[in-house]
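Following: one structure in structure tokens, then a few remarks.
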């Protein structure tokens, strides 16, 4: 599910304590319906986009960190709680940014859905994007 879109933008948390910049190629952009994202965000799905870790930098503030799995951590604002980033332990992997925290979320529209096996039954989006039970290699 690779895209050829690039981004050069800024974003941040709800209270403004943390600001970041993203630049470079977007390798994926999707909705995640997994239970971890649901619980982390308090929402039925999270829109996110991925890029090389070198394309992400904090401009202001230091994020809180929560280890939600054995391979990655989630970064958030310790003041307002805004979920900002999913960072893989492997520096060669991509870094995923919560799309809604961009100043202009329209810059990274989702292209598919993942973890639809965990989708909350009363929630669905009005689109025809590909849907996968788990990751893009599965089918829903």
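In the working numbering, the protein residues as written are 41 to 180.
Here a beta-carbon is modelled for each residue, glycine too, at the ideal position from N, C-alpha and C.
Keep in mind it's a predicted model, so treat the numbers as computed, not measured.
- Put simply, of 94, 152, 131 and 77 the residue whose alpha carbon is nearest the alpha carbon of residue 116 is 77.
- Within the DSSP secondary-structure output, residue 68 pairs in a beta bridge with 90.
- The C-beta distance from residue 60 to residue 94 rounds to 13 Å, too long to meet the 8 Å contact threshold.
- When 165, 156 and 66 are compared, the shortest CA-CA separation from residue 171 is found for 156.
- Distances from the CA of residue 68 to each of 113, 58, 89 and 81 were compared; the closest alpha carbon is that of 89.
- Check the Cα spacing between residue 176 and each of 127, 107, 152 and 86: the tightest is with 152.
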